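>
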Amino acid sequence: MRAIALFSGGLDSVLACHLIKRQGIEVIALNIDIGFGSTKSKLDHMRNMCDQIGVELRTIDIRDQYLKEILFDPKYGYGKNFNPCIDCHGNMFKIARELMEPWGASFLISGEVVGQRPMSQRRDALDLVTGLSETSDILLRPLSAKVLPPTLPEREGWVDREQLLGITGRNREVQLKMAEEIGLKDFEKPGGGCLLTDENFSKKLAEFVKYDTLEVEDIALLKCGRHFRLPDGAKLVVGRHKEDNEMIDAAITPKYRKIRLLNATGPVAAISAAATGADRELAAKITATYGKTKPEETYEVQVGDEVFEVQPFESKEPCQKYFIKS
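Mapped onto the working numbering, the consecutive letters of the sequence shown carry residue numbers 1085 to 1410.
(1) Looking at C-beta atoms only, is the number of pairs between the region 1184-1202 and the region 1224-1241 that lie closer than 8 Å three or more?
(2) Along the chain, where does the beta strand (DSSP E) containing Glu1110 start, and where does it finish?
(3) How many whole angstroms separate the CB atoms of Tyr1383 and Ala1348, which I take to be in contact at a CB cut-off of 8 Å?
(4) Do Arg1181 and Ile1222 have their beta-carbon atoms positioned less than 9 Å apart in this structure?
(5) Less than 8 Å between the CB atoms is what I'm expecting for Ile1118 and Val1111, so what's the real figure, rounded?
(6) Classify Asn1329 as buried or exposed, calling it buried when 16 or more other Cβ atoms lie within 10 Å of its own Cβ.
(7) Please classify His1173 as buried or exposed, where buried requires at least 16 neighbouring CB atoms within 10 angstroms.
(8) Between which two residues does the alpha helix (DSSP H) holding Gln1404 run?
(9) Contact defined as beta carbons within less than 8 Å: I believe Glu1345 pairs with Thr1371. What is the distance between those atoms, to the nearest angstrom?
(10) Can you give the Cα-Cα distance for Gly1136 and Lys1273, rounded to whole angstroms?
(11) Excluding the five sequence neighbours on either side, which residues of its own chain have a C-beta within less than 8 Å of the C-beta of Gly1093, listed in chain order?
(12) Phe1091: buried (16+ other C-beta within 10 angstroms of its C-beta) or exposed?
(13) Apart from the five residues on each side of it in sequence, which residues of its chain come closer than 8 Å, Cβ to Cβ, to Ala1335?
(14) To the nearest angstrom, how far is it from the Cα of Glu1327 to the Cα of Glu1283?
(15) Buried or exposed for Phe1292, going by 16 or more other Cβ atoms inside 10 Å?
(16) Determine the contact status of Ser1356 and Leu1320, defining contact as a CB-CB distance below 9 Å.
(17) Specify the secondary structure class of Arg1344 as computed by DSSP and reduced to three states.
(18) Would Ile1144 and Ile1179 qualify as a contact pair, given that the criterion is a beta-carbon distance under 9 Å?
(19) Below 8 Å CB to CB, which residues in the same chain sit around Glu1218 once its five sequence neighbours on both sides are set aside?
(20) Considering only DSSP beta bridges, list what Val1321 is partnered with.
(21) Give me, in chain order, the residues of the same chain whose beta-carbon lies closer than 7 Å to that of Asp1096; leave out the 5 immediate sequence neighbours on both sides.
(22) Identify which residue in His1325, Val1391, Ala1318, Tyr1340 has its Cα closest to the Cα of Phe1407.
(23) Taking the alpha carbon of Trp1242 as the reference point, which residue from Gln1404, Lys1369, Pro1168, Gln1107 has its own alpha carbon closest?
(24) Find the nearest neighbour of Arg1147 within the set Val1139, Leu1099, Phe1120, judged by alpha-carbon distance.
(25) Between the beta-carbon of Phe1191 and the beta-carbon of Leu1224, is there less than 9 Å?
(26) Would you tell me roughly how many angstroms separate the C-alpha atoms of Gly1250 and Leu1151, rounded to the nearest one?
(27) With respect to 8 Å, is the separation between the Cβ of Thr1297 and the closest non-hydrogen atom of the ligand SAM below this value?
(28) How long is the line joining the alpha carbons of Leu1248 and Thr1235, rounded to whole angstroms?
(29) For Asn1167 versus Leu1216, is the C-beta distance shorter than 9 Å?
(30) What is the DSSP secondary structure of Arg1256, reduced to helix, strand or coil?
(31) State the start and end residues of the unbroken alpha helix (DSSP H) segment that holds Gln1149.
(32) Using the three-state DSSP reduction, which class does Ala1335 fall into: helix, strand or coil?
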């Protein structure tokens, strides 16, 4: 017997896998990448969790499909921020259902807990998700199973319902105790997760789509740096620290031009490839302002294949005129 688990790497999804695995059922932990995970080392973390509980991790990338079909036209709307959680979960479960036959699985599981999240895990929202994905009888939620109607795996005796849980609400006491009992190490604390639930990130995303069509290649830049919108409409992202600089450098595509100081220490930045000459020169000046520079001196700043000679602003205050507040 085999089950596919919708797997985020969070504590609830880990424990859901464990509850089914300990009943002698093979579990495939499926992580579906929509592009908005919040941690750089997420994949390593998920592998660590799966290794600890003895399940296989598989990942699939649906970023392009998610942007085209889900993010901007959700049937059930958004949560508090830019998060279409019900539609997102329904889409994930539909994809998992379609993988059941090729992967030889008999049912699906998830780490959802009734009442834990205000949008996607209300009792009625769980029903909406299973309705969207057509998984109402094959989707088992082990952490809340005893407060939900028995599913096919329970009725058929594939899973012993008595060994499942009946957790409701936002208190994580039961989960934390269970993690301690099974010796789980380095698991994620409550919170975090999808960036679409983050207020500041959602503001940056909303501002971006006012000016441009969001594509997969844009997501990485939205996750890092200081963000500016220049007078002629160009997008500018300036690194704040070493990690930002590395992320920006790795995110440069033909849609953006890299910016760097040639004769001083400063941040890495990126600007829209279609930026006007005026916006490119202003971007060079802003980038120099955030470097280890002096306003009375002139610096060479490379923007793509061009080099501008600019003087930094006397303070960062003029840059704030173009800063995207989030």
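Even glycine gets a Cβ: it sits at the ideal position worked out from N, Cα and C.
Note that the structure is a prediction, hence the values are computed from the model and not measured.
Quick look at the numbers:
(1) yes
(2) 1110-1117
(3) 5 Å
(4) yes
(5) Contact flag wrong, Cβ pair sits at about 22 Å.
(6) buried
(7) buried
(8) Run containing Gln1404: none; DSSP gives neither H nor E here.
(9) Looking at the sequence shown, residue 1345 is not Glu but Leu. About 7 Å separates the two Cβ atoms, so the contact holds.
(10) In the sequence as displayed, the identity of residue 1136 is Gln instead of Gly. For Gln1136 and Lys1273, the distance between alpha carbons rounds to 17 Å.
(11) Asn1115, Lys1126, His1129, Met1130, Met1133, Glu1272
(12) By the neighbour-count rule (16 or more Cβ atoms within 10 Å), Phe1091 is buried.
(13) Same-chain partners within the cutoff: Glu1301, Ala1304, Leu1305, Cys1308, Ala1354.
(14) 22 Å
(15) buried
(16) Yes, Cβ-Cβ distance for Ser1356 and Leu1320 is below 9 Å.
(17) DSSP, reduced to helix, strand and coil, places Arg1344 within a strand of the structure shown.
(18) yes
(19) Lys1178, Arg1181
(20) His1311, Ala1354
(21) Cβ neighbours of Asp1096 beyond the five flanking positions: Gly1195, Val1197, Leu1227, Gln1259.
(22) Nearest C-alpha to Phe1407: Ala1318.
(23) Gln1107
(24) Closest by alpha carbon: Phe1120.
(25) It is a contact, given that the beta carbons lie within the stated cut-off.
(26) Computed Cα separation, rounded: 35 Å.
(27) Looking for the ligand SAM in the displayed structure turns up nothing, as the structure carries no ligands at all.
(28) 12 Å
(29) no
(30) coil
(31) 1147-1153
(32) DSSP places Ala1335 in helix when its eight states are reduced to three.
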